[in-house]
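**Student:** Mind having a look at this structure? Questions to follow.
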Amino acid sequence: MAAPGRKAAVDPSPLPFSPRATGAARFVRFAEKFVKVPKGTGARAPMRIRDWQRDLAGSVLDAEVQPRTAGWLLPRGQGKSTLVAALGLYDLMCGEEGASVVVVAVDERQARIVFNTAKRMVELSPELETRVQVYADRLVVPARGASFAVLPASAPSLEGLDFTLAIVDEAGVVSRDVFEVVSLAGGKRERSTLIAIGTPGPDPDDSVLADLRNYAREHPEDTSQVYREHSAAGFEDHPIDCEHCWKLANPALDDFLYRDAVRALLPPKTRESTFRRARLGQWVTDTSGGFLADGVWDGLAEPRPIPPGADVIVSLDGSFNSDSTAIVVATVDRRPHFTVGGLWQAPPELPGWQVPVLEVEDRIRELAETFNVREVVVDPFRWQRTMQVLEADGLPVVSFPWSASRITAATADFFGACVNAGLTHDGDARLAAHIGAAVVHEDSKGGIRLDKAKRRGRKIDLAAAALMAHSRATWLATRPQKRRRARSFRT
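This note's numbering applies: residue 295 is where the sequence shown begins, and numbers increase by one.
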């Protein structure tokens with residue numbers, strides 16, 4: 295009986311494949327004969343290798359001396375996972391005896407994209423399916439002693455590898471420790487290659503892919519490494535809707551990458567720096583892009599007050615000294631309306647100024663007298679005492695720590711609401727100034743958040759408070775209200 299998570303292979307005979315072609319041409323023959331497209335355009339049809347894909351494969355397979363390292367830069371949507379999955383299967387089935395293909399990425403979930411693509415290709419091919427045992431985390435060809443495995447993105451767990459082909463996906467953001475452990479494992483075979491493939495990361499100064507690019511430019515004589523790039527690098531001065539740049543960077547455009555899908559994600563729906571990296575393959579050196587495009591926030595203005603007694607969120611974000619502390623009020627609604635509840639900023643002539651905490655607490659109590667406060671949302675950093683005091687007064691205080699997972703979702707939701715007219719505000723110039731000063735920081739794992747650090751002396755605390763208020767207001771709008779008994783919150 296077959297073990298759980300696998301299929302028992304029943305055919306130990308060699309794959310019926312003996313073309314006279316060599317190098318990339320042989321890979322093309324293999325893909326077209328045995329590999330079917332697993333999804334998307336042409337799904338279940340035989341894989342057709344485009345000329346530009348053949349050139350990428352040829353950078354490794356046609357080299358006079360097979361390189362030990364290859365760096366490939368491609369924007370998103372070019373079928374990177376499909377191409378390297380097919381290359382992995384080619385090495386598994388047609389490489390040397392005992393071939394070992396490994397896939398790593400920024401995390402195991404990302405690495406499984408390539409592995410699951412290869413797994414599906416096996417399932418769609420009668421010749422491969424009968425010769426390959428399929429496990430949850432590896433493909434095995436017993437007759438050849440060959441394997442294709444997905445590995446965790448942890449440097450210690452990658453020690454001792456002995457690969458013929460290593461695929462490092464998302465090389466623009468993968469950990470340098472992971473990359474170095476994998477690359478240093480090469481050399482135990484007469485032929486072995488590491489292919490690092492991805493798009494530019496948010497920080498060009500800390501990117502494996504950027505290192506490979508820079509080294510190739512500085513050492514063109516080193517045949518142990520090859521580098522290939524499809525991008526619109528050098529045209530950063532062109533507008534982002536320049537279709538010349540789209541075509542230059544995207545070899546799959548109008549083939550299996552659809553032009554209307556590229557156009558649909560133009561800023562302000564996405565940030566310009568993100569679009570340039572993901573769709574144009576450009577190395578954007580500013581890792582913090584402006585939160586909203588010009589005019590977006592102003593277009594959401596509706597100069598009307600929030601009526602007394604309305605259900606609201608009161609959101610507090612602040613510091614203790616030399617900065618600012620902000621309160622934002624938002625209606626509990628699927629399309630909330632925002633106003634400023636209070637703002638305390640350090641006067642430039644008073645370097646030792648401290649936030650009047652008691653005044654802030656009294657202002658929240660005043661708002662609770664005016665509105666039906668469903669929640670008082672607080673970033674708890676340094677404000678634990680205030681949270682305890684307000685809770686003792688009977689106010690519904692909710693902690694909103696800026697953890698990576700929480701703030702990434704909240705930032706994306708707030709951004710989406712702004713660009714899709716999912717909120718309104720009363721036009722307060724102070725809130726507009728803080729929104730205008732806000733920037734978005736993207737970390738190495740793709741998480742995003744408003745940058746709370748000071749930038750050229752400008753403040754963003756009202757923007758941070760608005761983001762928290764939006765998250766809670768829209769969530770509560772989907773929940774039934776529990777009415778509170780009227781009471782006074784003044785001390």
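Cβ coordinates follow ideal geometry from the N, Cα and C atoms, glycine included.
Computed from a prediction, not measured in an experiment: that's the story for all the values here.
Assuming the contact rule is C-beta atoms closer than 8 Å, A380 and V444 should be a hit. Round their C-beta distance to whole Å, please.
**Tutor:** Sequence index remark: in the sequence shown, residue 380 carries index 86 (1-based). Sequence index remark: in the sequence shown, residue 444 carries index 150 (1-based). With a Cβ gap of about 16 Å, A380 and V444 do not count as contacting.
**Student:** With 16 as the cutoff for other CB atoms within 10 Å, does T718 come out buried or exposed?
**Tutor:** The sequence position of residue 718 within the sequence shown is 424, counting from 1. Buried.
**Student:** Can you grab the Cα-Cα spacing for the pair R749 / F708, in whole Å?
**Tutor:** As a position in the sequence shown, residue 749 is number 455, starting the count at 1. As a position in the sequence shown, residue 708 is number 414, starting the count at 1. Low per-residue confidence applies at R749: pLDDT is 46, beneath 50, and the placement is therefore not dependable, though the value from the model is reported in the following sentence. Rounded to the nearest angstrom, the two C-alpha atoms are 21 Å apart.
**Student:** Contact between the region 603 to 617 and the region 757 to 770: three or more CB pairs below 8 Å?
**Tutor:** Result yes; three or more Cβ-Cβ pairs closer than 8 Å.
**Student:** Give me, in chain order, the residues of the same chain whose beta-carbon lies closer than 7 Å to that of K330; leave out the 5 immediate sequence neighbours on both sides.
**Tutor:** Indexing the sequence shown from 1 puts residue 330 at position 36. So the qualifying residues of the chain are R338, A339, P340, M341, M415, L418, S419.
**Student:** Under the three-state reduction of DSSP, which class applies to E655: helix, strand or coil?
**Tutor:** What you label residue 655 is simply residue 361 of the sequence shown in a count that begins at 1. It is helical.
**Student:** What residues match up with F442 in a beta bridge as DSSP calls it?
**Tutor:** On the sequence shown, position 148 is the one that residue 442 refers to. In DSSP, F442 forms a bridge with V395, L433.
**Student:** Check whether the region 561 to 581 touches the region 515 to 533, taking contact to mean three or more Cβ pairs, one atom from each stretch, closer than 8 Å.
**Tutor:** As far as the Cβ criterion goes, the region 561 to 581 touches the region 515 to 533, which means the pair count is three or higher.
**Student:** Thinking I621 and R659 are a contact (beta carbons under 8 Å), I'd like their distance in whole angstroms, please.
**Tutor:** Numbered from its first residue, the sequence shown carries residue 621 at position 327. Numbered from its first residue, the sequence shown carries residue 659 at position 365. Actually they do not touch by this definition, with Cβ atoms about 12 Å apart.
**Student:** Less than 8 Å between the C-beta atoms of A447 and V502, yes or no?
**Tutor:** On the sequence shown, residue 447 is found 153 positions in, with the first residue counted as 1. On the sequence shown, residue 502 is found 208 positions in, with the first residue counted as 1. Their beta carbons are not under 8 Å apart, which means A447 does not touch V502 by this criterion.
**Student:** For F328, which residues in the same chain have their Cβ closer than 7 Å to its Cβ, ignoring the five residues on either side in sequence?
**Tutor:** Residue numbering aside, residue 328 sits at position 34 when the sequence shown is read from its first letter. Within the same chain, F328 has close Cβ partners S419, E421, L422.
**Student:** Hey, S469 and T363: beta-carbon distance below 8 Å or not?
**Tutor:** As a working note, residue 469 is residue 175 in the sequence shown. As a working note, residue 363 is residue 69 in the sequence shown. Going by C-beta atoms, S469 is not nearer than 8 Å to T363.
**Student:** Count the CB pairs spanning the region 689 to 709 and the region 666 to 679 that are closer than 8 Å, and state whether there are at least three.
**Tutor:** Touching, per the Cβ criterion.
**Student:** Would D720 pass as a contact of N666 if the rule is Cβ separation under 8 Å?
**Tutor:** Against the sequence shown, residue 720 aligns to sequence position 426. Against the sequence shown, residue 666 aligns to sequence position 372. No, they are not a contact pair.
**Student:** Contact defined as beta carbons within less than 8 Å: I believe E585 pairs with V733. What is the distance between those atoms, to the nearest angstrom?
**Tutor:** Sequence index remark: in the sequence shown, residue 585 carries index 291 (1-based). Sequence index remark: in the sequence shown, residue 733 carries index 439 (1-based). Strictly speaking, residue 585 in this sequence is Phe, with Glu absent from that position. Their Cβ separation, rounded to whole angstroms, is 6 Å, which keeps F585 and V733 in contact under 8 Å.
**Student:** Under the rule that 16 or more other beta-carbon atoms within 10 Å means buried, what is A440, buried or exposed?
**Tutor:** For this step, residue 440 is matched to residue 146 along the sequence shown. Under this definition A440 is a buried residue.
**Student:** Using CA atoms only, rank isn't needed, just tell me which of W769, G730, A771 is closest to K753.
**Tutor:** In the sequence shown, counting from the first residue as 1, residue 753 sits at position 459. Closest option to K753, Cα to Cα, is G730.
**Student:** Nearest-angstrom Cα distance between R565 and G688?
**Tutor:** If you number the sequence shown from 1, residue 565 lands on position 271. If you number the sequence shown from 1, residue 688 lands on position 394. If I take the Cα positions, the gap works out to 41 Å.
**Student:** Starting from V844, follow the alpha helix (DSSP H) in both directions and report where the run begins and ends.
**Tutor:** There is simply no residue 844 to check, as the chain begins at 295 and stops at 785 in what is shown.
**Student:** Following a CB-centred definition, is L452 positioned closer than 7 Å to any heavy atom of the ligand MN?
**Tutor:** Because no ligand of any kind appears in the structure shown, any question about the ligand MN cannot be addressed here.
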